[in-house]
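Below is one structure, written out as structure tokens, with a few remarks after it.
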Amino acid sequence: MNATKLQVNVAYSNQQAQIEENRLYLKTKRLVDILLSLCGLLLLIPAFLLIVILIKVEDPKGGILFRQKRVGKDGKEFMMFKFRSMVHNAESLLDNLLQFNETTGAMFKMKEDPRVTRVGKVLRKYSLDELPQLFNVLKGDMSLVGPRPPLPREVEQYSNYHYQRLLVVPGCTGLWQVSGRSSLGFEEMVELDLMYISNRTMFYDLKLIFQTVKVMVNSKNAY
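Residue numbers (numbering that gives the first Met the number 0): 0 to 222.
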């Protein structure tokens, strides 16, 4: 992917997305990412072990983790981790399901996706499949808060307007996740991402983290 495509200056809602590289904010954000992700990984060890056992019992052919290439800041690709919530050959089955896509734009979402396992449905309902992304946060590929990292095939469909969401480090959660998640379309997600980018502060990040915990417990609009 050509990173120069990201050097755009386009408007949304009659305003430009303001990318302010406040060094103190960025350093504080990185420190908080490291501390909270480390604490989370240590506290979640028992839950991780249980999830690993359940995944292998239901579908022993596949691995525990699902590794998927995603696009991060400035178009840099990285491998994102998830607990596997689908059958082991899910990727090869995707082409036959694209016609049943239930969202808009450069994303694929399907409420009753036949590839999702029984354990996977529970993991997705409470966003437990996302927990291994704490390792991505430690590595620096992701932050706790930011736009969700898209797939390369999704980015291929981006306009200059959409590319703006790749101007910052992607996150495990963000304004989209606490505002409706899968019930929102692609364009609405982009608008929320750009709104976050223009208004991000450490206080705003912490607020979104706490709101995410509430959303995970509620599990509404998760699939």
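Every residue, glycine too, gets a C-beta built ideally from N, C-alpha and C. Quick caveat, the model's predicted, so the values are computed rather than measured.
(request) Please classify V216: is it buried, with 16 or more other beta-carbons within 10 angstroms of its beta-carbon, or exposed? (result) Walking along the sequence shown from the start, residue 216 turns up at place 217. V216 is exposed by the Cβ-count criterion.
(request) Measure the Cβ-Cβ separation of P131 and F185 and say whether it is below 8 Å. (result) Locating residue 131 in the sequence shown gives position 132, counting from the first residue. Locating residue 185 in the sequence shown gives position 186, counting from the first residue. For P131 and F185, no; Cβs fall outside 8 Å.
(request) Go to G119, then tell me how far its alpha helix (DSSP H) extends in each direction, as first and last residue. (result) Locating residue 119 in the sequence shown gives position 120, counting from the first residue. Unbroken alpha helix (DSSP H) run through G119: 117–124.
(request) Compute the Euclidean distance between the alpha carbons of L150 and K68, then round it to the nearest angstrom. (result) Position 151 of the sequence shown holds residue 150. Position 69 of the sequence shown holds residue 68. Taking the straight line joining both Cα atoms gives about 7 Å.
(message) On the CB-based measure, 16 or more other CB atoms within 10 Å of its CB, does L23 come out buried or exposed?
(response) Locating residue 23 in the sequence shown gives position 24, where the first residue counts as 1. Classification for L23: exposed.
(request) Just tell me which of P113, R114, F99 has its CA closest to the CA of F107. (result) Taking the first residue of the sequence shown as 1, we reach residue 107 at position 108. Of the residues P113, R114, F99, the one whose Cα lies closest to the Cα of F107 is F99.
(message) Tell me the residue span of the alpha helix (DSSP H) that contains F134.
(response) Here the question's residue 134 lines up with position 135 in the sequence shown. Judged by DSSP secondary structure, F134 falls within the alpha helix (DSSP H) whose first and last residues are 132–138.
(request) Pick out whichever of E187, Y195, S197, R164 has its Cα sitting closest to the Cα of G71. (result) Position 72 of the sequence shown, counted from the start, is the residue given in the question as residue 71. When C-alpha distances from G71 are compared across E187, Y195, S197, R164, the shortest belongs to R164.
(request) Give me the Cβ distance between L122 and I52, rounded to the nearest whole Å; I'm assuming they're in contact under 8 Å. (result) As a working note, residue 122 is residue 123 in the sequence shown. As a working note, residue 52 is residue 53 in the sequence shown. Not really, about 13 Å apart at Cβ, beyond 8 Å.
(request) Could you check if V214 is buried or exposed, using at least 16 other CB atoms within 10 Å of its CB as the buried criterion? (result) For the purposes of this step, residue 214 is taken as residue 215 along the sequence shown, with counting starting at 1. Taking a 10 Å sphere around the C-beta of V214, we find 16 or more other C-beta atoms and assign the residue as buried.
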